[in-house]
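Everything in the sequence shown is counted per the working numbering, starting at 1 for the first residue and increasing by one. So the structure is just underneath, and the comments pick up after that.
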Amino acid sequence: MARFDRLYLFCAVNYFAQGMAGIVYEPVNYLLKDGLRLSAGETAAFVGWMTLPFILKPIFGLLSDLAPIRGSLRRPHLILGALLGASCWAILAWTPRHNYAALLTLLILVNFSVVFCDAVCDGVMVQLGQAGGKTGTYQAVQIGTLYATLVLTGVGGGWLSGHARPRAVFALAAVFPLLVAGSAVWVRELPSPASPRQGLRSLLTLLSGRRFWALCLMIFLWNFSPFLGTAQFYYQSEALRLGPLYIGVLSTLGGVAGVLGAAFFGMKVRLWGTAAFLRAGVLLAGASSLLYLFYVGPVSAGVLTVIFGVLGVVFRLALMDLAAQSCPAHAQASAFAIYMAVFNLAALASNTAGGRLYDALRDLLRAAPDPAYGAAAVLVVIGSVCTLACWWLLPAVGAAPQRPTSS
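In structure tokens form, the structure reads like this:
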């Protein structure tokens, strides 16, 4: 009988805790919108600063790869990062009134905790996954678990937005980093590299390759969808007048769809190969994203959430698997963190641009019958063009269609 691989459990617990922290997202959005009276553009700027640690993820990867604590590279880093997050959530829960500066500072520190723990988890996943040829299946477990939590945090966050004070939500969020700290018992501590110089040499070799930069550009273009995020939230809540609970239901639907997409990828990746998923994903997602032009009410919002929940996760996993396979020895956490930082940079740029453009386009189109829809439509088209542009990068990342050879 095959021995159970504890790394699946380690990945699942870490991403469960990370995903359950998402229960605060919708309450925070309403706190910014209704409590602090921020516009869509101002909220996007707040979120941009709040998520800055995700852009700095490679630094945490370097710490995990090259800076052991008492000879250990993973376990102590994971515990310290998790305790930082729990402490910050607890402070937010004990704060009676929230102002812009204090709220932003503590949420930045929370995200430092999330990024640090995620970099450690990914470093373990890549190093052991490469050895066993399991990077794709490990990541399917990670992302599948992450989206499974949306089933709870979607409706849960929507309900909490209407029934609980932000302090209570923050207190609940403080519990989840403790699960991450506890998962350290499943970490099989890995030996330190011969020297930090060896890890840096591996990293520099990766950075000097053309494939690395092509993959980074592809990741950025795929994730640059300015309609999604802050612009979509304001379009949902103001133009479509969807309530907090229904917006939460949409997140739950997206979570279910994401689990299905991750399960499909996990079952088929070894059979079909990562490159096949990439090719299909670019064409299907790029063209079908124009269906967001029909995002005009609660029914269409639900249907499109399910469609893109599946497609988005499948293609994201294909990109992440390709990134994991390309990480060099002795710098796995650092290299993978760089790729994930590009994901995060694209999300930050997309969200910030989307919020700003949504405000500007609504003003520009104020004479139109539906300025909000016109603004959303422009953002949808921009995102679709960026996704389709990934097709021309497939040869550079090693995922181009195979041409038949002549006999």
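By construction, the Cβ of each residue, glycine as well, lies at the ideal position given by its N, Cα and C atoms.
- Query: Apart from the five residues just before and just after G129, which ones in its own chain have a Cβ nearer than 7 Å to its Cβ?
  - Reply: Position 129 of the sequence shown holds residue 129. Counting only Cβ-Cβ distances below 7 Å, and skipping sequence neighbours, we find T135, Y138, A324.
- Query: Pairing CB atoms from the segment 54-70 with CB atoms from the segment 328-345, are three or more of them under 8 Å?
  - Reply: yes
- Message: Using 8 Å as the threshold, is the C-beta distance between G248 and G157 below it?
- Response: On the sequence shown, position 248 is the one that residue 248 refers to. On the sequence shown, position 157 is the one that residue 157 refers to. Yes.
- Inter-residue spacing [alpha-carbon to alpha-carbon] between V303 and I69: Working through the sequence shown from its first residue, we reach residue 303 at position 303. Working through the sequence shown from its first residue, we reach residue 69 at position 69. Their backbone Cα atoms lie some 49 Å apart in a straight line.
- Message: By the three-class DSSP mapping on this structure, what secondary structure does S384 have?
- Response: Residue numbering aside, residue 384 sits at position 384 when the sequence shown is read from its first letter. Three-state DSSP puts S384 in a helix.
- Message: So, for S350: in the same chain, excluding its five sequence neighbours on each side, which residues have a beta-carbon less than 6 Å away from its beta-carbon?
- Response: The count along the sequence shown starts at 1 and reaches residue 350 at position 350. Answer for S350: F224, S225, P226, listed in chain order.
- Quick one: residues in its chain with C-beta nearer than 7 Å to the C-beta of G286, no 5 flanking neighbours on either side, listed in chain order? Looking up residue 286 in the sequence shown gives position 286. Once the five neighbours on either side are set aside, the close Cβ partners of G286 are S384, T387, L388.
- Could you tell me how far apart the beta carbons of L62 and S334 are, in whole angstroms, since I believe they sit closer than 8 Å? Position 62 of the sequence shown holds residue 62. Position 334 of the sequence shown holds residue 334. Their Cβ separation, rounded to whole angstroms, is 5 Å, which keeps L62 and S334 in contact under 8 Å.
- Task: Flag this pair as yes or no: are the beta carbons of S161 and P371 separated by less than 8 Å?
- Result: By 1-based counting over the sequence shown, the position of residue 161 is 161. By 1-based counting over the sequence shown, the position of residue 371 is 371. Not a contact, by the Cβ cut-off of 8 Å.
- Message: Spatial neighbours of T230 within its chain, please: C-beta separation below 7 Å, excluding the five flanking residues on both sides.
- Response: For this step, residue 230 is matched to residue 230 along the sequence shown. So the list reads A40, T43, A44, V47, N351, G354, G355, once near-sequence residues are dropped.
- Does the segment 80-91 touch the segment 175-186, meaning 3 or more C-beta pairs lie closer than 8 Å? yes
- Item | Nearest-angstrom Cβ-Cβ length linking L319 and W222, presumed shorter than 8 Å | Start at 1 with the first residue of the sequence shown, and residue 319 comes out as number 319. Start at 1 with the first residue of the sequence shown, and residue 222 comes out as number 222. The pair is a contact, with the Cβ atoms about 6 Å apart (cut-off 8 Å).
- Task: Counting only runs of 4+ residues fully inside the segment 67-153, write out the alpha helix (DSSP H) ranges in chain order.
- Result: 75-94, 100-132
- Task: Can you grab the Cα-Cα spacing for the pair T205 / T274, in whole Å?
- Result: The count along the sequence shown starts at 1 and reaches residue 205 at position 205. The count along the sequence shown starts at 1 and reaches residue 274 at position 274. Between T205 and T274, the C-alpha separation is close to 23 Å.
- Considering only C-alpha positions, which residue in the set F16, P369, A346 is nearest to V175? As a first step, residue 175 is located in the sequence shown; it is residue number 175 there, counting from the start. If we check each option's Cα against that of V175, F16 comes out closest.
- Message: Let's test the definition: count the other Cβ atoms within 10 Å of the Cβ of V141 and tell me whether it reaches 16, buried, or not, exposed.
- Response: Residue mapping note: residue 141 aligns to position 141 of the sequence shown, counting from 1. It counts as buried.
- Task: Tell me whether L271 is buried or exposed, calling it buried when 16 or more other Cβ atoms sit within 10 Å of its Cβ.
- Result: As a working mapping, residue 271 is identified with position 271 in the sequence shown. The residue is exposed, with fewer than 16 neighbouring Cβ atoms inside 10 Å.
- In whole angstroms, what is the alpha-carbon distance linking C11 and F112? Along the sequence shown, one-based indexing puts residue 11 at 11. Along the sequence shown, one-based indexing puts residue 112 at 112. Cα to Cα, C11 sits roughly 19 Å from F112.
- Alpha-carbon to alpha-carbon, D118 and P401: Stepping through the sequence shown from its first residue, residue 401 is reached at position 401. Stepping through the sequence shown from its first residue, residue 118 is reached at position 118. Its pLDDT being 49, under 50, P401 is placed unreliably by the model, and nothing is read from it.
- Residue interval of the alpha helix (DSSP H) (run including V175): In the sequence shown, counting from the first residue as 1, residue 175 sits at position 175. Element bounds for V175: n/a, residue is neither H nor E.
- Supposed contact pair S251 and G154 - C-beta distance, whole angstroms, cut 8 Å: Taking the first residue of the sequence shown as position 1, residue 154 is located at position 154. Taking the first residue of the sequence shown as position 1, residue 251 is located at position 251. Between S251 and G154 the Cβ distance is about 3 Å, and since that is below 8 Å, they are a contact.
- Reference G199, options D34, L66, G19, closest by Cα: The residue given as residue 199 occupies position 199 in the sequence shown. The shortest C-alpha separation from G199 is found at L66.
- Item | Minimum length 4: unbroken alpha helix (DSSP H) runs contained in the segment 16-77 | 25-30, 40-50, 52-55, 57-66
- Ignore the nearest five residues each way along the sequence and tell me which others in Q332's own chain have a CB closer than 6 Å to its CB. Residue 332 sits at position 332 when you count from the first residue of the sequence shown. Only G123, V126, Q127 meet the Cβ criterion.
- Under 8 Å, do A173 and V24 count as touching if we go by C-beta distance? Here residue 173 refers to the residue found at position 173 of the sequence shown. Here residue 24 refers to the residue found at position 24 of the sequence shown. Contact: yes.
- Message: I'd like the ranges of any beta strand (DSSP E) spanning at least 3 consecutive residues and lying wholly in the segment 291-355.
- Response: none
- What's the gap between the Cα of R197 and the Cα of S208? The residue labelled residue 197 in the question sits at position 197 within the sequence shown. The residue labelled residue 208 in the question sits at position 208 within the sequence shown. Between R197 and S208, the C-alpha separation is close to 16 Å.
- Task: Measure the beta-carbon distance from A433 to P177 and round it to whole angstroms, keeping in mind my assumption that it falls under 8 Å.
- Result: In the structure as shown, the chain starts at 1 and stops at 407, and residue 433 therefore has no counterpart that could be examined.
- Item | Three-state secondary structure (DSSP) of L278 | On the sequence shown, position 278 is the one that residue 278 refers to. Three-state result, L278: helix.
- Item | alpha helix (DSSP H) segment containing A214, residue limits | Your numbering for residue 214 matches position 214 in the sequence shown. Where A214 is concerned, the enclosing alpha helix (DSSP H) stretches over 210-223.
- Task: Could you have a look at D359 and say whether DSSP puts it in helix, strand or coil?
- Result: As a working mapping, residue 359 is identified with position 359 in the sequence shown. Correct three-state label for D359: helix.
- Does DSSP put G229 in a helix, in a strand, or in coil? Residue mapping note: residue 229 aligns to position 229 of the sequence shown, counting from 1. Correct three-state label for G229: coil.
- Query: Nearest-angstrom Cα distance between F308 and A263?
  - Reply: Taking the first residue of the sequence shown as position 1, residue 308 is located at position 308. Taking the first residue of the sequence shown as position 1, residue 263 is located at position 263. One C-alpha to the other measures close to 15 Å.
- Query: Short check: CB of G144 to CB of G266, under 8 Å?
  - Reply: Within the sequence shown, numbered from 1, the residue matching residue 144 stands at position 144. Within the sequence shown, numbered from 1, the residue matching residue 266 stands at position 266. Yes, they are a contact pair.
- Message: To the nearest angstrom, how far is the alpha carbon of L103 from that of T51?
- Response: Here residue 103 corresponds to residue number 103 of the sequence shown, with the count starting at 1. Here residue 51 corresponds to residue number 51 of the sequence shown, with the count starting at 1. C-alpha separation (whole angstroms): 13 Å.
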